[in-house]
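Following: one structure in structure tokens, then a few remarks.
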């Protein structure tokens, strides 16, 4: 009886410690989640209140009298409609171009057989160590010579391809067995048909990952679009909101603009996160 009681007490102690660890882990996760999500909830709440009313303490996340006056002022006093169009057009165009060019380059580096293939690939990878801010001034001078400043071409063409995107897709393509290629060749398919009908359908997670990351990156871009655009009608949403001059209700209107900027990226990532995780995980399986 004594031995059985000791074993029972030992098991109870183990379960108690395991339960306490679980509680502590969940409490820590709740604190981290609150610190991460809290500012965004305050932002959305502030956008639905009269100007500066959110500065009272303690802060109530649910507005007592919510309204959309700040959003109405935002659309009446700024060119936010044009900024939203510019952001959607630029981000969508860059995403489509990068998915196309990076998939083609990744296919060539993973399946192609040509002299210097690996050397060229790793030289490309080496350029990732060059900070993007270093290239802004030379790029601006080139765009100025071409007469592309304040044009969609300046916002889209320099971002039409990506070394990271090429690397991501190349790594994923390497995980696809070449037996599929050989079977397609036996059936009479050429290299382009294998790329289009065999490789791309199997690479949907990696393509979705690249598309999501590219769209989010272009939507949130700031420094480069700020430099290559000077006209209000050519600014994207992030630049327009940072440079806007609001006549009244400044703080509330800015919170409304920040909410409009944040919500599309949040919803897109919320919907695509499982593809992003799957694509990044599978892309690192084989080097």
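Numbering (the numbering used here), first residue to last: 853 to 1139. Ideal placement from N, C-alpha and C gives every residue a C-beta, glycine not left out. If you're wondering where the values come from, they're calculated on a predicted model, not measured in any experiment.
Counted within 10 angstroms of its Cβ, other Cβ atoms place residue i as buried (16 or more) or exposed
i: residue 1142; result: Residue 1142 lies beyond the residue range present for the chain, which begins at 853 and ends at 1139; the question has no answer from this structure.
i: residue 1070; result: buried
i: residue 935; result: buried
i: residue 825; result: Only positions 853 to 1139 of the chain appear in the structure, and residue 825 is not among them; the question remains open.
i: residue 1019; result: buried
i: residue 866; result: exposed
i: residue 938; result: buried
Residue closest to residue i, alpha-carbon to alpha-carbon, out of the options
i: residue 1009; options: 1000, 877 and 1095; result: 1000
i: residue 1105; options: 1059, 921 and 1080; result: 921
i: residue 894; options: 981, 1108, 875 and 1120; result: 1108
i: residue 916; options: 900, 924, 1027 and 929; result: 900
i: residue 1086; options: 1002, 1027 and 1111; result: 1002
i: residue 1075; options: 919, 1092 and 1059; result: 1092
i: residue 944; options: 998, 1116, 996 and 979; result: 1116
i: residue 953; options: 931, 1017, 1083 and 1042; result: 1017
i: residue 1044; options: 1021, 1080, 1082 and 959; result: 959
Residue i (DSSP reduced to helix, strand or coil)
i: residue 882; result: helix
i: residue 1038; result: helix
i: residue 966; result: coil
i: residue 947; result: helix
i: residue 1086; result: helix
i: residue 867; result: helix
i: residue 1077; result: helix
i: residue 1099; result: In this predicted model, residue 1099 has a pLDDT of only 49, less than 50, meaning its place in the structure is not dependable; the value taken from the coordinates is given anyway. Note: residue 1099 maps to coil in three-state DSSP.
i: residue 982; result: coil
i: residue 901; result: coil
i: residue 1044; result: helix
i: residue 1031; result: helix
i: residue 913; result: coil
i: residue 918; result: coil
i: residue 1126; result: helix
i: residue 894; result: helix
Run of the alpha helix (DSSP H) containing residue i, from where it starts to where it stops
i: residue 1070; result: 1056–1071
i: residue 972; result: 969–978
i: residue 1004; result: 1004–1008
i: residue 925; result: 921–929
i: residue 996; result: 988–998
i: residue 1015; result: 1015–1026
Cα-Cα separation, residue i to residue j
i: residue 1066; j: residue 1011; result: 10 Å
i: residue 993; j: residue 1006; result: 11 Å
i: residue 949; j: residue 1103; result: 37 Å
i: residue 957; j: residue 884; result: 40 Å
i: residue 876; j: residue 1063; result: 37 Å
i: residue 1099; j: residue 983; result: Interpretation of residue 1099 is limited by its pLDDT of 49, a score under 50 that renders its predicted location unreliable; the figure taken from the coordinates is listed afterwards. Their Cα atoms are separated by approximately 38 Å.
i: residue 1078; j: residue 1088; result: 9 Å
i: residue 975; j: residue 891; result: 42 Å
i: residue 1040; j: residue 1032; result: 13 Å
i: residue 878; j: residue 871; result: 11 Å
i: residue 924; j: residue 961; result: 51 Å
i: residue 1123; j: residue 1052; result: 21 Å
i: residue 977; j: residue 1023; result: 13 Å
i: residue 1056; j: residue 965; result: 24 Å
i: residue 881; j: residue 1037; result: 52 Å
i: residue 1049; j: residue 971; result: 28 Å
i: residue 963; j: residue 1028; result: 10 Å
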